[in-house]
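Enquirer: The listed protein sequences correspond, in order, to chains A and B.
Using our numbering, read the first sequence as starting at 311 and increasing by one per residue.
Using our numbering, read the second sequence as starting at 6 and increasing by one per residue.
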Amino acid sequence: MAGLIYKDLVNLKAQAKVMGILIIVYGVIALTSDNTVMLGAMMSILAAMLPITAMAYDDKAKWDKYAMTMPVSRKDLVLSKYFLGGGFILIAFGLNVAFNLVVGIMAMEDIIPIALMLLGAGLFFMAVTLPLMFKFGVEKGRTAMFILIATPTVLVLLMSKLNIQMPSEAFLEMLPLILIVIAVLSLVLSTVLSISIYEKKEF
Amino acid sequence: MESMNYDVALEIKGLSKNYDGFKLESIDLTLPGGCIMGLVGENGAGKTTTIKAILDLIHKDAGEIKIFNHDTSVHLKDLKENIGVVLDESFFPEALNATGVDGIMKNVYKTWNSKEYHEWGAKFDLPLKKTFKDYSRGMKMKHAIAVALSHDSKLLILDEATSGLDPMVRDEILDVFLEFIQDPTHSIFISSHIISDLEKICDYIAFIHKGKLVFSEPKDELLDKYGIIKCSDDFIDTLPKDKVIGVRKNNFGVEALVMRDGISKAMLQEEKMTMDKATIEDIMLYYHKRR
Numbered sequence: 311m312a313g314l315i316y317k318d319l320v321n322l323k324a325q326a327k328v329m330g331i332l333i334i335v336y337g338v339i340a341l342t343s344d345n346t347v348m349l350g351a352m353m354s355i356l357a358a359m360l361p362i363t364a365m366a367y368d369d370k371a372k373w374d375k376y377a378m379t380m381p382v383s384r385k386d387l388v389l390s391k392y393f394l395g396g397g398f399i400l401i402a403f404g405l406n407v408a409f410n411l412v413v414g415i416m417a418m419e420d421i422i423p424i425a426l427m428l429l430g431a432g433l434f435f436m437a438v439t440l441p442l443m444f445k446f447g448v449e450k451g452r453t454a455m456f457i458l459i460a461t462p463t464v465l466v467l468l469m470s471k472l473n474i475q476m477p478s479e480a481f482l483e484m485l486p487l488i489l490i491v492i493a494v495l496s497l498v499l500s501t502v503l504s505i506s507i508y509e510k511k512e513f
Numbered sequence: 006m007e008s009m010n011y012d013v014a015l016e017i018k019g020l021s022k023n024y025d026g027f028k029l030e031s032i033d034l035t036l037p038g039g040c041i042m043g044l045v046g047e048n049g050a051g052k053t054t055t056i057k058a059i060l061d062l063i064h065k066d067a068g069e070i071k072i073f074n075h076d077t078s079v080h081l082k083d084l085k086e087n088i089g090v091v092l093d094e095s096f097f098p099e100a101l102n103a104t105g106v107d108g109i110m111k112n113v114y115k116t117w118n119s120k121e122y123h124e125w126g127a128k129f130d131l132p133l134k135k136t137f138k139d140y141s142r143g144m145k146m147k148h149a150i151a152v153a154l155s156h157d158s159k160l161l162i163l164d165e166a167t168s169g170l171d172p173m174v175r176d177e178i179l180d181v182f183l184e185f186i187q188d189p190t191h192s193i194f195i196s197s198h199i200i201s202d203l204e205k206i207c208d209y210i211a212f213i214h215k216g217k218l219v220f221s222e223p224k225d226e227l228l229d230k231y232g233i234i235k236c237s238d239d240f241i242d243t244l245p246k247d248k249v250i251g252v253r254k255n256n257f258g259v260e261a262l263v264m265r266d267g268i269s270k271a272m273l274q275e276e277k278m279t280m281d282k283a284t285i286e287d288i289m290l291y292y293h294k295r296r
């Protein structure tokens, strides 16, 4: 398992520069516009996308087939991607909190709840996308992913058109917690689903 | 898992796998320890399917596979510590280099031996820092073989490991295999359609044709068993059907692959024929033209 994650990290090293530049650009935007939410959201989603990028490299080299000849189980192969993504999303969360504490643009009491919401969003994104990638492969999986991402956007647009009332203050205060619970539950479900997809897979 | 028994490296019984349009039917194979078995057959005969089933890359529909006398459906993960595999067209991601692979394998195989890996790398002239994107096919194959040999492997499973390589590289790799097999606990199971390579190194030849095992026999016995005769069409018809494997017609008569025990010296003298040795390739080709 450690070997598999190490392989992804080495593989993703090429992405480090691009990621660094993106974070700096968004960091500058955050400072000049006095709004750091975009930066946090961007980091969380980028982190959640990393396992997919790693899988794209794997697909290209038909690595999974090769990996199956090593003493690793199908379960190990699946879990390694969840650990990889989860780890990066947590790092993004840490960076986001640290950045806000340092620059002090956001009100102190908002920093943790907003960071938690972005953490939940990142984890949820990963929970939804990874089973699709394991099922359809990265190429086809991406199409399915965009359809899925578009759905909530359309829903929100529809809801705003329908003049539904804004949720109450109390609900908004609970929102970070609710999101984290949803994210964790969906992650558990997602992992079980991915493993069962992968167990059936033939190479 | 109890201690390993290297007397029988690989034992396959009744292996079957159904695909839409292709069926691998009840394959039985035994590879004794210290030997090399070559798996031959036409494209799509089932060679790769057999190898994939051994490694659990595909789920078999029926059959039992044992490696070192351990059932693979229970112990495969542990067994893989001592199995070196080279597959056709499946490699390490392009952004990696040989040094990176060392770091990965240290964390994958308990049996990984960095020193040995670097020795093979030096022997094969593989650059350590160059990413695999810049490796030629020959280098990728050699690297895959270096990895396969660097974790105390007792069994090598090679699927088309020499195809697509030039004769010099192939020869170099065959020598490595012959050196590997000097240890009586080591065995090799290799598929290839470069029959001449297999004829050079194998102790056993297993021939799969349209998903069925035609034979699996020691190479020397096989070469003794079959012969090629050139004769008239009428003569062939006088021979028992089960002694004539295949026939090729030409302007002067026919050329046929026959079982040597079906034709006596007297018959040969009477017809003024000679019997030539058959190569493994002859045997394969005539099986295709079976009467």
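By construction, the Cβ of each residue, glycine as well, lies at the ideal position given by its N, Cα and C atoms.
Because the structure is a prediction, the values reported are computed rather than measured.
(1) Need the endpoints of the beta strand (DSSP E) that residue 386/A sits in, please.
(2) In the DSSP assignment, find the unbroken beta strand (DSSP E) run with residue 231/B in it and report its ends.
(3) Residue 268/B: which of 287/B, 247/B, 254/B sits nearest, CA to CA?
(4) Out of 217/B, 234/B, 289/B, point me to the one whose CA is closest to residue 274/B's CA.
(5) Could you pull the start and end residues of the beta strand (DSSP E) that residue 179/B belongs to?
(6) Just to make sure I have the definition right: I need the residues of chain A whose C-beta is within less than 8 Å of the C-beta of residue 98/B. Which are they?
(7) Do residue 166/B and residue 122/B have their beta-carbon atoms positioned less than 8 Å apart in this structure?
(8) Who are the Cβ neighbours of residue 253/B in its own chain at under 8 Å, not counting the five residues just before and after it?
(9) So residue 72/B and residue 186/B are supposed to be a Cβ contact under 8 Å. How far apart are they, rounded?
(10) For chain B, find out if any of its Cβ atoms is closer than 8 Å to the Cβ of residue 513/A; answer yes or no.
(11) Taking C-beta to C-beta, are residue 149/B and residue 91/B nearer than 8 Å?
(12) Residue 298/B lies in the beta strand (DSSP E); which residues open and close that run?
(13) Let me see if you follow: with CB-CB separation under 8 Å, is residue 122/B close to chain A or not?
(14) Please report how far the alpha carbon of residue 296/B lies from the alpha carbon of residue 163/B, in whole angstroms.
(15) With a threshold of 8 Å, are at least 3 pairs of Cβ atoms found where one atom belongs to the segment 55-66 of chain B and the other to the segment 351-363 of chain A?
(16) For the segment 376-394 of chain A, which residues have a beta carbon sitting closer than 7 Å to at least one beta carbon of chain B?
(17) Quick check: the Cα distance between residue 3/B and residue 424/A, rounded to an integer number of angstroms?
(18) Any chance the segment 116-131 of chain B sits against the segment 72-83 of chain B, with 3 or more Cβ pairs inside 8 Å?
(19) Is the CB-CB distance between residue 189/B and residue 89/B below 8 Å?
(20) Note down, in chain order, each residue of its chain lying with its Cβ closer than 6 Å to the Cβ of residue 436/A, except the 5 sequence neighbours on either side.
(21) According to DSSP, residue 263/B sits in a beta bridge with which residue or residues?
(22) Just confirm the distance between the C-beta atoms of residue 208/B and residue 230/B, as a whole number of angstroms; I'd bet it's less than 8 Å.
(23) Using the C-alpha atoms, what's the distance from residue 106/B back to residue 361/A?
(24) Whole angstroms is fine: what's the gap from residue 139/B's alpha carbon to residue 462/A's?
(25) Between the alpha carbons of residue 85/B and residue 312/A, how many angstroms are there, rounded?
(26) Of all Cβ atoms in chain B, is any one closer than 8 Å to the Cβ of residue 313/A?
(27) Can a CB atom of chain A be found closer than 8 Å to the CB of residue 64/B?
(28) I want to see whether chain A comes within less than 8 Å of residue 112/B, judged by CB atoms only; does it?
(29) Where DSSP assigns a beta bridge to residue 37/B, which residues make up the other side?
(30) Mind checking the segment 324-346 of chain A against chain B and listing, in chain order, the residues whose C-beta falls within less than 8 Å of any C-beta there?
(31) I want to verify the contact list: residues of chain A whose CB lies under 7 Å from the CB of residue 82/B, in sequence order.
(32) With 8 Å set as the bound, which would you pick, yes or no: does the beta-carbon of residue 60/B sit closer than that to a beta-carbon of chain A?
(33) How big is the Cα-Cα spacing for residue 513/A and residue 244/B?
(34) Does chain A have any CB closer than 8 Å to the CB of residue 109/B?
(35) Given a threshold of 16 other Cβ atoms within 10 Å of its Cβ, counted over all protein chains shown, does residue 25/B qualify as buried or as exposed?
Expert: Considering the structure as presented:
(1) Not the beta strand (DSSP E): residue 386/A falls in the alpha helix (DSSP H), residues 384-413.
(2) Run containing residue 231/B: 231-236, per the beta strand (DSSP E) assignment.
(3) Closest by alpha carbon: 247/B.
(4) Per the Cα distances, 234/B.
(5) No beta strand (DSSP E) contains residue 179/B, which is instead part of the alpha helix (DSSP H) from 172-185.
(6) Here the neighbours are 317, 321, 367, 368, 370, 371, 373.
(7) Contact annotation: residue 122/B and residue 166/B have beta-carbon atoms that are not nearer than 8 Å.
(8) Excluding positions up to five away in sequence, the list reads 259, 260, 261, 291, 294.
(9) Going by Cβ atoms, the distance from residue 72/B to residue 186/B rounds to 17 Å, so no, they are not a contact pair.
(10) At least one chain B Cβ lies under 8 Å of residue 513/A.
(11) Against a cut-off of 8 Å, the Cβ pair of residue 91/B and residue 149/B comes out as a contact.
(12) Nothing can be reported for residue 298/B, as the shown portion of chain B is limited to 6 through 296.
(13) For residue 122/B, not one C-beta of chain A is nearer than 8 Å to its own C-beta.
(14) Because residue 296/B sits at a pLDDT of 46, beneath the cut-off of 50, its placement in the model cannot be relied upon, and the following sentence gives the value as read from the coordinates. Residue 296/B and residue 163/B: Cα-Cα distance of roughly 33 Å.
(15) As far as the Cβ criterion goes, the segment 55-66 of chain B does not touch the segment 351-363 of chain A, which means the pair count is below three.
(16) Within the segment 376-394 of chain A, the residues whose Cβ lies closer than 7 Å to some Cβ of chain B are 376, 378, 379, 380, 381, 382, 383, listed in chain order.
(17) There is no way to answer for residue 3/B, as the model of chain B reaches only from 6 to 296.
(18) At 8 Å Cβ cutoff, the stretches do not touch.
(19) No, Cβ-Cβ distance for residue 189/B and residue 89/B is not below 8 Å.
(20) The residues are 358, 395.
(21) As computed with DSSP, residue 263/B is found in a beta bridge with 232/B, 249/B.
(22) That pair is no contact at about 15 Å.
(23) Their backbone Cα atoms lie some 19 Å apart in a straight line.
(24) Their backbone Cα atoms lie some 43 Å apart in a straight line.
(25) Roughly 17 Å separates the two Cα atoms.
(26) Closer than 8 Å to some Cβ of chain B, the Cβ of residue 313/A qualifies, so yes.
(27) Taking Cβ atoms only, chain A reaches closer than 8 Å to residue 64/B, which makes this a yes.
(28) Yes, contact with chain A.
(29) Among the bridge pairs identified by DSSP, residue 37/B is matched with 13/B.
(30) Taking 8 Å as the cut-off between beta carbons, the residues of the segment 324-346 of chain A near chain B are 324, in sequence order.
(31) Near residue 82/B (Cβ distances below 7 Å), the residues of chain A are 381, 383.
(32) Cβ-Cβ to chain A under 8 Å: yes for residue 60/B.
(33) Straight-line measurement puts the Cα of residue 244/B at about 46 Å from the Cα of residue 513/A.
(34) It does; some Cβ of chain A falls within 8 Å.
(35) Exposed, since its Cβ has fewer than 16 Cβ neighbours within 10 Å.
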